[in-house]
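Following: one structure in structure tokens, then a few remarks.
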Amino acid sequence: MNSSGSTKEVVMGEEIECGNSSSSGGAPRSGVVVGGLSPLSETLWRERSSMGLVGDGDVSARLTWKDLTVIVTLRSGDAQRVLDGLTGYAEPGTLTALMGPSGSGKSTLLDALSGRLATNAFLSGTVLINGRRTKLSFGTAAYVTQDDNLIGTLTVRETISYSAQLRLPDKMAREEKRALVEGTISEMGLQDCADTVIGNWHLRGISGGEKRRVSIALEILMRPRLLFLDEPTSGLDSASAFFVIQTLRSLARDGRTVIASIHQPSSEVFELFDYLYLLSGGKTVYFGKASEAHEFFAQAGLPCPPRRNPSDHFLKCVNTDFDKVKSTLKGSIKMRFARADDPLEKMTSAEAIQRLVAYYSRSKYGHTARQKVEEISRVKGNVLDSGGSQASFCMQAFTLTRRSFVNMSRDFGYYWLRLVIYIIVTICIGTIYFKVGTGFSAILSRGSCTSFVLGFVTFMSIGGFPSFVEDMKVFQRERLNGHYGVLAFVIGNTFSAMPFLLLISVLSGTVCYFMVRLHPGFVHYLFFVLCLYSSITVVESLMMAIASVIPNFLMGIIIGAGIQGIFMLVSGFFRRPNDIPKPIWRYPVSYMSFHYWAQEGQYQNDLKGLIFDNQTPDQPKISGEYVLQKFYQIDTGRSKWIDLSVLFCMIIAYRLLFFVMIRINEDVTPFVRGYIAKRRLQRKISRNQLSVASPELVNRVPSLRVVVADPASTSFEVVDLNT
Ligand SMILES: Nc1ncnc2c1ncn2[C@@H]1O[C@H](COP(=O)(O)OP(=O)(O)OP(=O)(O)O)[C@@H](O)[C@H]1O
Ligand SMILES: [Mg+2]
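Numbering (the UniProt record's numbering), first residue to last: 1 to 723.
In structure tokens:
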């Protein structure tokens, strides 16, 4: 690859030159991008270099890992070795495929290399980037997970543009940002569907393969030097899988280091790989050039039979499940066609794995890999630290508000459906309580109407929960990749929902107010609408807080409904305030109930100043104040505006709770889980049930969220057993 950075396809088997020239030494020249970036990448990196965000010169990433072992602690108290002494490397300009049967440790290896291990996983060994133990900052390494959590209502171009706004520096010219977005779209081959929506449950959108490519596009936008992908082709047909891998290969040729786990590649896809890391049961079966794997298997005594897809053969050799398949088929008609040239007919997969693992460790392939790791590790390259999102907090909050608003306005299920239901329900209320008047029976009717509107109608806001869960999924993916902060997300979510909630409250409140003929007067009308708005917003905020910790929508709805049911019970309508049992229910639960404050305010707003008929005309009229004090047991000395203020304070409190819940979920929960896992492992070691674990191992709690929470900390948890 030339230094100007033009992408050059390299035929399989030929020497790959991308970016390796600088590794052998010599200080890289200032401003020269040695990795061979595309012109756009080069612009961005030059920009960053000039801003002091990255070290000058070589921005390529050479990744090595040595004696990597991962042990996970299980709930049962047992510990399981998931990865066992893996050694390997990945160089710029190459695409490395991690292959192996299900459960062989592919995802765990990716997680270990990218510093994303689960809290119950403990890692030992050395992982170096450019010969240094470096934390993997977000701009340097990107991780594309298996799920495409995207906003279904946005088009491909919008999705990438918003992501660019969220992460690129504010001072970068709009034109330059647009050029970068367009460049990324064409780099990922998404031009044809750039203006098509991603799609959701009611919108037909782009295909699965295109979604995968959008997910990858979002991560390559910041031009990361290291790209990790977990099963980028799962669920795709072979043609789509081919195009995705081909794109990854050209990304690699652009000077990036690409590592992807792949399940069952077709022969065409297999030919696109530069390096193959074959795993079985957490052990290395083969690591080396993909084109030489064929030869390795032949030398190990397991040659690939003619007319069989090599990758199928490799996987068949290392998958013990095939033994079960064989025994199931034994005696069946298919066995008559058993191939005499298949070495696996003569041995079990377990024997084959044993043979391959043993052969690899003493073969030239294993030796070369170890030698190369030593060689690469010795060269101290640049520290690739670009530090995540470059956009300011205000830009992040503004972009998130806009993006969320666009999504809400386009998604029929988010607010529009609820608006329709609210209006229908309030029309029903209006017809049932039509012109309620001031007769004796109106005393109870006005109370029950208010209770229904502020209790059951606001209750319907839990219907938005599935949309909140979708929002949270997108947030979690973006947060994990360091696109923006929690506060920016909470602000964006709060402000974008405001106009819709106001619209719902004004329209349904107006229908209800004028049909029922509640207390006349503009201020009374305004209070009613504000009361409805604040109640709906409190319910929304509560449900968002629940969605931040319970991502399952059925469980979230049940919990949200339960909490609201309890609050409704102590609101003062179903049991009068003074009759509610004092401990717990009256103090503090009724004061925590937003229904209680909303109802008290609206009762006062509606009844104060009205005169009601008595049971018989000869009896004296009843004042609204009397009803409030004696019947609803409300302190009329307290202004209704205080009740409304409490509701608005509750909105702020619930939004803060939402923020706190996310932070707890990110920081405290992994810490606690990590601590429990650590204790389990320690117990295991003290009982001498775990042979490899060193005391150092348990002193580290690799936590994914630690990486996110504090990028400045030594977040790349590595224990070097050699030091
Ligand atoms: N945090 C963890 N806690 C408990 N077990 C784990 C953990 N991480 C991995 N494992 C176990 O380690 C093994 C390897 O898991 P991993 O997800 O890495 O496999 P994989 O090769 O990616 O499989 P697949 O192809 O199905 O995605 C599995 O048996 C899994 O149950
Ligand atoms: Mg996996």
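Don't be surprised by glycine CBs; every beta carbon is placed ideally from N, CA and C.
**OP:** Go through the stretch 84-122 residue by residue and report every complete run of the alpha helix (DSSP H) that reaches 4 residues or more, in order.
**Re:** 106-114
Subject >> Cβ-heavy atom distance, Q264 to ligand 1, below 7 Å >> reply: no
Original post:
Quick one: what does DSSP say G288 is sitting in, helix, strand or coil?
Top reply: strand
Subject >> Burial state of A290, where buried means 16 or more other Cβ atoms lie within 10 Å >> reply: buried
Subject >> Nearest candidate by alpha-carbon position, reference F574, set Q599, G562, E292 >> reply: Q599
**OP:** Under 7 Å Cβ to Cβ from R663, same chain only, skipping five residues before and after it: list those, please.
**Re:** V486
Subject >> I550 - containing beta strand (DSSP E), residue span >> reply: No beta strand (DSSP E) holds I550; DSSP gives it neither H nor E.
**OP:** Please indicate yes or no: does the CB of residue 730 lie closer than 7 Å to some heavy atom of ligand 1?
**Re:** Past the boundaries of the shown model lies residue 730; the chain is included only from 1 to 723, so the question cannot be answered.
Original post:
Of all Cβ atoms in chain D, is any one closer than 8 Å to the Cβ of S593?
Top reply: Of the protein chains in this structure there is only one, and it is not chain D.
Original post:
Under a three-way DSSP split, which group does W641 fall into?
Top reply: helix
**OP:** Give the DSSP-derived three-state secondary structure of D67 in the structure shown.
**Re:** strand
Original post:
Measuring from the CB of V357, is there a heavy atom of ligand 1 at a distance below 7 Å?
Top reply: no
Original post:
Can you give the beta carbon distance from T69 to S124, rounded, assuming they're within the 8 Å contact cut?
Top reply: 5 Å
Subject >> Endpoints, the beta strand (DSSP E) within which A260 is located >> reply: 257-261
Original post:
Looking at G601 and D635, is the spacing between their C-beta atoms short of 8 Å?
Top reply: no
Subject >> Contacting residues, own chain, Cβ-Cβ under 7 Å from D321 (five flanking each side not counted) >> reply: P101
**OP:** Report yes if the C-beta distance between A352 and L278 is below 8 Å; otherwise report no.
**Re:** no
Subject >> Pairwise C-alpha distance: G492 and R655 >> reply: 11 Å
**OP:** Could you tell me the distance, in whole angstroms, from the CA atom of R687 to the CA atom of F122?
**Re:** 18 Å
Original post:
Taking one C-beta from the stretch 418-438 and one from the stretch 503-522 each time, how about it: are there three or more such pairs within less than 8 Å?
Top reply: yes
**OP:** Identify which residue in S60, T494, A497 has its Cα closest to the Cα of A252.
**Re:** S60
Original post:
Counting along the chain, where does the beta strand (DSSP E) carrying L315 start and finish?
Top reply: From DSSP, L315 is part of no beta strand (DSSP E) but of the alpha helix (DSSP H) over 310-318.
Subject >> Complete runs of the alpha helix (DSSP H) confined to the stretch 524-597 [at least 4 residues] >> reply: 553-569, 589-592
**OP:** Tell me whether S389 is buried or exposed, calling it buried when 16 or more other Cβ atoms sit within 10 Å of its Cβ.
**Re:** buried
Subject >> Near ligand 2: residue 735 beta-carbon under 7 Å from a heavy atom >> reply: Nothing can be reported for residue 735, as the shown portion of the chain is limited to 1 through 723.
Original post:
With respect to the beta strand (DSSP E) encompassing L226, which residues constitute its N-terminal and C-terminal limits?
Top reply: 226-230
Original post:
What distance in whole Å lies between the Cβ atoms of T64 and S377, which are believed to be in contact at a cut-off of 8 Å?
Top reply: 5 Å
**OP:** To the nearest angstrom, report how far apart R477 and D148 are at their CA atoms.
**Re:** 9 Å
Original post:
Is DSSP giving Y365 helix, strand or coil here?
Top reply: helix
Original post:
Should K66 be listed as close to ligand 2, given that the test is whether its C-beta is under 7 Å from any heavy atom?
Top reply: no
Original post:
Is D230 near ligand 2, in the sense that its beta carbon is under 7 Å from a heavy atom of that ligand?
Top reply: yes
**OP:** Kindly examine ligand 1 and report whether one of its heavy atoms sits closer than 7 Å to the Cβ of T126.
**Re:** no
**OP:** Have a look at G565, F296, H263, M544 and flag the residue whose alpha-carbon is nearest the alpha-carbon of G103.
**Re:** H263
**OP:** Determine, using beta carbons only, whether F412 and F553 come nearer to each other than 8 Å.
**Re:** no
Original post:
Tell me which same chain residues have a C-beta within less than 7 Å of the C-beta of Y596, skipping the five on either side of it?
Top reply: V570, S571, G572, S590
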